[in-house]
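Written below as structure tokens is the structure these notes are about.
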Amino acid sequence: QVQLVESGGGLVQPGGSLRLSCATSGFTFHYYVMKWYRQAPGKEREWVAGVTKDGGVKNYAESVKGRFTISRDNRRKTAYLEMNNLLVEDTAIYYCKAEGDAANNEYWGQGTQVTVSP
Numbered sequence: 108q109v110q111l112v113e114s115g116g117g118l119v120q121p122g123g124s125l126r127l128s129c130a131t132s133g134f135t136f137h138y139y140v141m142k143w144y145r146q147a148p149g150k151e152r153e154w155v156a157g158v159t160k161d162g163g164v165k166n167y168a169e170s171v172k173g174r175f176t177i178s179r180d181n182r183r184k185t186a187y188l189e190m191n192n193l194l195v196e197d198t199a200i201y202y203c204k205a206e207g208d209a210a211n212n213e214y215w216g217q218g219t220q221v222t223v224s225p
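Under the working numbering, residues 108 to 225 are what the sequence shown spells out, in order.
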């Protein structure tokens, strides 16, 4: 059974930091690109960051570049999103996604809430 379980969300003040984790099981983790998305209230889900299968290449949305860092640990089958200098507009539900090579070969987590508020 495939599982992706996000954790690490919470309430933080502007300028603060959080580290999200995405623990996975039920599939061959290192065969999959890992991505983070977020969805703010009333908005569509948007891509935040991605990391290649070996962790060698990382990409970020412009809105988070320089503040967020994506990483993965293939031994632990876990992906991470380190978020620093958080802004109110970073408030959203954050989801991790595993993407395989074949079309429609993808898995989503259930999401974790991040709230940035004074």
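Yeah, the Cβ is synthetic: ideal placement off N, Cα and C, and Gly gets one too.
Cα-Cα separation between residue i and residue j, rounded to whole angstroms
{"i": "Pro121", "j": "Thr222", "result": "10 Å"}
{"i": "Met141", "j": "Ile200", "result": "17 Å"}
{"i": "His137", "j": "Asp180", "result": "9 Å"}
Residue(s) in a DSSP beta bridge with residue i
{"i": "Arg179", "result": "Ala186"}
Run of the beta strand (DSSP E) containing residue i, from where it starts to where it stops
{"i": "Glu153", "result": "Glu153 to Val158"}
{"i": "Glu213", "result": "Glu213 to Trp215"}
{"i": "Gly122", "result": "That residue, Gly122, is in no beta strand (DSSP E); it is neither H nor E in DSSP."}
{"i": "Lys165", "result": "Lys165 to Tyr167"}
Cβ neighbours of residue i in the same chain (closer than 6 Å, five flanking residues each side left out)
{"i": "Ser178", "result": "Tyr187"}
{"i": "Asp197", "result": "Val223"}
Between the segment 154-170 and the segment 209-220, can you find at least three pairs of beta-carbon atoms closer than 8 Å? Contact between the segment 209-220 and the segment 154-170 is not established, with fewer than three Cβ pairs separated by less than 8 Å.
Is it the case that the segment 184-201 contacts the segment 125-132, given that we only count it when at least three CB pairs across the two stretches are under 8 Å? Yes, the segment 125-132 is in contact with the segment 184-201.
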